[in-house]
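K.L.:
Structure provided below as structure tokens; questions to follow.
2 protein chains.
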Amino acid sequence: MTHANNVAPLFRDIAKVEHEHHLACQSCALYRLCLPLGLHSDDLARLDKIIKRSQSLSRNQSLFNYLAPFKSIYVVRSGAFKTTISASNGREQVTGFYFPGEFIGMDAIHSQNYQSTAKALETSSVCELPFERLQEFGAAMPQLQMQMMSRLSKELSSDKSLMVLLGKKTAEEKMATFLVSLSRRFQDRGFSATEFQLSMSRSDIANHLGLAVETVSRLLGRLQDGQLVHFEGKSVTIEDLEALQKLCG
Amino acid sequence: MTHANNVAPLFRDIAKVEHEHHLACQSCALYRLCLPLGLHSDDLARLDKIIKRSQSLSRNQSLFNYLAPFKSIYVVRSGAFKTTISASNGREQVTGFYFPGEFIGMDAIHSQNYQSTAKALETSSVCELPFERLQEFGAAMPQLQMQMMSRLSKELSSDKSLMVLLGKKTAEEKMATFLVSLSRRFQDRGFSATEFQLSMSRSDIANHLGLAVETVSRLLGRLQDGQLVHFEGKSVTIEDLEALQKLCG
DNA sequence: CAGGGTTCTTGACCTGGATCAATGTAAACT
DNA sequence: AGTTTACATTGATCCAGGTCAAGAACCCTG
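Sequence lines, in order, name chains A and B.
Each residue of the first sequence is one higher than the last, beginning at 864 in the numbering used here.
Each residue of the second sequence is one higher than the last, beginning at 864 in the numbering used here.
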């Protein structure tokens, strides 16, 4: 930005931009799910200014790579992402799928390097929150800090649930749990709980659940035969959500 | 505590108590690993005052139970803990083991209810950090907030590693990873990296790693036959840490 | 230190889901 | 249109690790 130039018309332009900017978070469809929730409007305006908005990524493009230096936390704005960690032999674990309003990269705060690789599953966009700037606000906006911790805590608790899934559940329970969790998350975002698109491949699902692709394919077939769900390529219709919930274990 | 009584000798007693209190965190053997690290000494004194210290628990006693209302985060002072979550059919997953300097209960910040049950594995003590009081300090001590986030982030990243373990590793790799991780954590705490006690039962280990007790027993036997480690009941001697690390995958 | 419980080890057997293999489908590029 | 390459389904076979069973070693507590 160039030096301010004190002629009246320019001032008004700046004011207008500021105002539109101020609205960006408030008018966002994800506001209800997002970080700024509960901030005072002047705090929100300050936060708004440091957010780098609407960076767009196409399918398979990386948002960041494993061990890259940590600079920002990202919030999914549209589309979907997966994060992966690799063990040896090129084995990879899909550690999570991320949908609009969800945060990516928080596990890098401690080590200051991203601990996973994040890839877009389809054309997607994110809001970037430069972490240093966020910290500068810390003292002035304790609610913001609290929101951040709450987010971290939420991911922690869903990771623990995933441990139960990976460690204790059968293939069928895993599959049912996955579908119910997707349904829940779509509903939270104002979409249908019973009809949605799977943006990830069968092999991503299998990997995430600790199963083989073939097993996922068979399980989906079985659930379809049992009239619990209907698949048509990537699109899913849940026909008996209650029954599916009972299968979760 | 009774009302202050302004005679000189009592004053001196109070001053002395305050001073000792001030030292409690600084003189703690775990200071280097703990939350107050990096705080200014006056901030430290304030933090010191809200910490409820040295609560003692005996073997199998619960620190908190699943779904109990969240009030405090705990730091292990001595001994060891495990946390568990239950699926249906009474199946339980041991989600973590916690040693001195490590934090328990952070996954409850979001939901305001503990998301797991924490039990002492041996006679243990904790420092209790009442979360509301901690929050009150937030604005005044941004470093403290930052430390908290860093802690949360660290647990997040170790949970992701556990996902790789549960989802992708073989029984042998799991076992090796577990032993190496214990070794590392004991070393960080100033203990021997090669000789330590397993405070948890075989069945807790098995459960945590997503294995059957019998498999753990066989694996430990096999590692012992291969001269990598030596077991004598609960005590372990790692004889070839490097080889063990190679087995982690 | 006897005895009743719990935890640990070891062996024999079994199975859920992995792996291998072959074919089907469908999007992406000539 | 046809060709390539990736993804998905289905069947046949296999095996790592689970389950069952039976002792052995280790507690506790009286």
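For every residue, glycine included, the Cβ atom is placed at its ideal position computed from N, Cα and C.
Computed from a predicted model, the values in this text were never measured in an experiment.
Using a Cβ-Cβ cutoff of less than 7 Å, which residues in the same chain neighbour residue 1091 of chain B once the five nearest sequence positions on both sides are dropped?
P.N.:
Residue numbering aside, residue 1091 of chain B sits at position 228 when the second sequence is read from its first letter. The residues are 1102, 1103, 1106 and 1107.
K.L.:
Is the Cβ of residue 1005 of chain A closer than 8 Å to any Cβ of chain B?
P.N.:
As a working note, residue 1005 of chain A is residue 142 in the first sequence. Yes, contact with chain B.
K.L.:
For residue 885 of chain B, which residues in the same chain have their Cβ closer than 7 Å to its Cβ, ignoring the five residues on either side in sequence?
P.N.:
By one-based count along the second sequence, residue 885 of chain B stands at place 22. Confidence at residue 885 of chain B is low in this model, with a pLDDT of 44, below 50, so its placement is unreliable and the value that follows should be read with caution. Answer for residue 885 of chain B: 908 and 911, listed in chain order.
K.L.:
For the alpha helix (DSSP H) that residue 820 of chain B lies in, which residues bound it at each end?
P.N.:
Since the first and last residues shown for chain B are 864 and 1112, residue 820 of chain B lies out of range.
K.L.:
Strictly by DSSP, which residues pair up with residue 976 of chain A?
P.N.:
Along the first sequence, one-based indexing puts residue 976 of chain A at 113. Looking at the DSSP assignment, residue 976 of chain A forms a beta bridge with A:932.
K.L.:
Should residue 1100 of chain A be flagged as near chain B, meaning a C-beta pair shorter than 8 Å?
P.N.:
Position 237 of the first sequence, counted from the start, is the residue given in the question as residue 1100 of chain A. No, residue 1100 of chain A does not count as interfacial toward chain B.
K.L.:
Take residue 979 of chain B as the anchor and find which of B:956, B:1005 and B:997 has the nearest alpha-carbon.
P.N.:
As a working mapping, residue 979 of chain B is identified with position 116 in the second sequence. Considering only alpha carbons, the answer is B:956.
K.L.:
Please list the residues of the segment 949-967 of chain A that have a C-beta atom closer than 9 Å to any C-beta atom in chain B, keeping them in chain order.
P.N.:
Those would be 949, 950, 951, 952, 954, 955, 956, 957, 958 and 959, in chain order.
K.L.:
So which residues of chain B does residue 974 of chain A contact, with C-beta pairs closer than 7 Å?
P.N.:
Counting from 1 along the first sequence, the entry for residue 974 of chain A is found at position 111. Those within 7 Å of residue 974 of chain A in chain B are 1020.
K.L.:
Using the C-alpha atoms, what's the distance from residue 925 of chain A back to residue 914 of chain B?
P.N.:
For this step, residue 914 of chain B is matched to residue 51 along the second sequence. For this step, residue 925 of chain A is matched to residue 62 along the first sequence. Their Cα atoms are separated by approximately 43 Å.
K.L.:
According to DSSP, is residue 1101 of chain A helix, strand or coil?
P.N.:
Position 238 of the first sequence, counting from 1, holds the residue named residue 1101 of chain A. Strand at residue 1101 of chain A.
K.L.:
List the residues of chain B that residue 970 of chain A touches, going by C-beta distances under 7 Å, in chain order.
P.N.:
As a working mapping, residue 970 of chain A is identified with position 107 in the first sequence. Simply 1016, 1019, 1020 and 1023.
K.L.:
So which of A:895, A:1070, A:974 and A:1096 has the shortest CA-CA distance to residue 953 of chain A?
P.N.:
As a position in the first sequence, residue 953 of chain A is number 90, starting the count at 1. Minimum Cα distance to residue 953 of chain A is reached at A:1070.
K.L.:
Go to residue 926 of chain A, then tell me how far its beta strand (DSSP E) extends in each direction, as first and last residue.
P.N.:
Within the first sequence, the letter at position 63 stands for residue 926 of chain A. That run of the beta strand (DSSP E) goes 925-927.
K.L.:
Output yes if chain B places a C-beta closer than 8 Å to the C-beta of residue 1032 of chain A; else output no.
P.N.:
Residue mapping note: residue 1032 of chain A aligns to position 169 of the first sequence, counting from 1. Judged by the 8 Å Cβ criterion, residue 1032 of chain A is in contact with chain B.
K.L.:
Anything in chain B within Cβ reach of residue 1112 of chain A, meaning under 9 Å, just list it in chain order.
P.N.:
In the first sequence, residue 1112 of chain A corresponds to position 249, counting from 1. 950, 951, 952 and 954, listed in chain order.
K.L.:
Residue 1011 of chain A versus chain B: which residues are under 7 Å apart at the beta carbon?
P.N.:
As a working mapping, residue 1011 of chain A is identified with position 148 in the first sequence. 1012, listed in chain order.
K.L.:
Going by beta carbon distance, what residues of the same chain come within less than 8 Å of residue 1060 of chain A, once the five residues before and after it are set aside?
P.N.:
Counting from one through the first sequence, the residue named residue 1060 of chain A turns up at place 197. So the qualifying residues of the chain are 1097, 1098 and 1099.
K.L.:
Residue 884 of chain B CB to nearest chain A CB: under 8 Å?
P.N.:
The sequence position of residue 884 of chain B within the second sequence is 21, counting from 1. Confidence at residue 884 of chain B is low in this model, with a pLDDT of 45, below 50, so its placement is unreliable and no value can be given for it.
K.L.:
How is residue 896 of chain A classed by DSSP in three states: helix, strand or coil?
P.N.:
Looking up residue 896 of chain A in the first sequence gives position 33. DSSP places residue 896 of chain A in helix when its eight states are reduced to three.
K.L.:
Does the separation of the CB atoms of residue 1111 of chain A and residue 1036 of chain A fall below 8 Å?
P.N.:
Mapped onto the first sequence, residue 1111 of chain A falls at position 248. Mapped onto the first sequence, residue 1036 of chain A falls at position 173. In contact: residue 1111 of chain A and residue 1036 of chain A (Cβ atoms closer than 8 Å).
K.L.:
Who are the Cβ neighbours of residue 1014 of chain A in its own chain at under 8 Å, not counting the five residues just before and after it?
P.N.:
Translated into positions along the first sequence, residue 1014 of chain A becomes position 151. Excluding residues within five positions, the ones whose Cβ falls inside 8 Å are 898, 966 and 969.
K.L.:
Can you give the Cα-Cα distance for residue 1027 of chain B and residue 950 of chain A, rounded to whole angstroms?
P.N.:
Numbered from its first residue, the second sequence carries residue 1027 of chain B at position 164. Numbered from its first residue, the first sequence carries residue 950 of chain A at position 87. Approximately 7 Å between the Cα atoms of the pair.
K.L.:
Whole angstroms are fine: how far does the CA of residue 1030 of chain B sit from the CA of residue 902 of chain B?
P.N.:
Counting from one through the second sequence, the residue named residue 902 of chain B turns up at place 39. Counting from one through the second sequence, the residue named residue 1030 of chain B turns up at place 167. So the alpha carbons of these two residues sit roughly 39 Å apart.
K.L.:
For chain A, check one thing: does any of its Cβ atoms lie closer than 8 Å to the Cβ of residue 1027 of chain B?
P.N.:
Residue 1027 of chain B sits at position 164 when you count from the first residue of the second sequence. Taking Cβ atoms only, chain A reaches closer than 8 Å to residue 1027 of chain B, which makes this a yes.
K.L.:
Give the DSSP-derived three-state secondary structure of residue 1108 of chain B in the structure shown.
P.N.:
The residue labelled residue 1108 of chain B in the question sits at position 245 within the second sequence. Correct three-state label for residue 1108 of chain B: helix.
K.L.:
Counting only the same chain and skipping the five closest in sequence on each side, list residues whose C-beta sits under 8 Å from that of residue 1050 of chain A.
P.N.:
Residue numbering aside, residue 1050 of chain A sits at position 187 when the first sequence is read from its first letter. So the qualifying residues of the chain are 1056.
K.L.:
Along the segment 1035-1056 of chain B, where does the CB come closer than 7 Å to a CB of chain A? Name the residues.
P.N.:
Within the segment 1035-1056 of chain B, no residue qualifies.
K.L.:
Reducing DSSP to helix, strand and coil, say where residue 1093 of chain A ends up.
P.N.:
By one-based count along the first sequence, residue 1093 of chain A stands at place 230. Note: residue 1093 of chain A maps to strand in three-state DSSP.
K.L.:
Going along the chain, which residues of its own chain have a beta-carbon closer than 7 Å to the beta-carbon of residue 963 of chain A, five neighbours each way excluded?
P.N.:
Here residue 963 of chain A corresponds to residue number 100 of the first sequence, with the count starting at 1. 893, 939, 940, 941 and 1052.
K.L.:
Between B:1075, B:986 and B:997, which lies nearest to residue 922 of chain B when the distance is taken from Cα to Cα?
P.N.:
Mapped onto the second sequence, residue 922 of chain B falls at position 59. Checking every option, the nearest Cα to that of residue 922 of chain B belongs to B:986.
K.L.:
Would a C-beta distance cut-off of 8 Å place residue 1048 of chain A and residue 990 of chain A closer than the cut-off?
P.N.:
Position 185 of the first sequence, counted from the start, is the residue given in the question as residue 1048 of chain A. Position 127 of the first sequence, counted from the start, is the residue given in the question as residue 990 of chain A. Contact flag unset, no.
K.L.:
Can you check the segment 991-1033 of chain B for any alpha helix (DSSP H) of at least 4 residues that lies completely inside it and give the ranges in chain order?
P.N.:
Runs of the alpha helix (DSSP H) inside the segment 991-1033 of chain B: 994-999 and 1005-1031.
K.L.:
Would you decide whether residue 1109 of chain B is buried or exposed? Buried here means 16 or more other CB atoms lie within 10 Å of its CB.
P.N.:
Counting from one through the second sequence, the residue named residue 1109 of chain B turns up at place 246. So residue 1109 of chain B counts as exposed.
K.L.:
My output table needs one value for residue 885 of chain B: the three-state DSSP class, helix, strand or coil.
P.N.:
Residue 885 of chain B sits at position 22 when you count from the first residue of the second sequence. The predicted position of residue 885 of chain B is uncertain, since its pLDDT is 44 and thus under 50; a value taken from the coordinates is nonetheless stated next. Three-state result, residue 885 of chain B: helix.
K.L.:
Pull up the CB-CB distance for residue 1038 of chain A and residue 984 of chain A, whole angstroms please, since I reckon it's below 8 Å.
P.N.:
On the first sequence, position 175 is the one that residue 1038 of chain A refers to. On the first sequence, position 121 is the one that residue 984 of chain A refers to. The Cβ separation is near 19 Å, so there is no contact.
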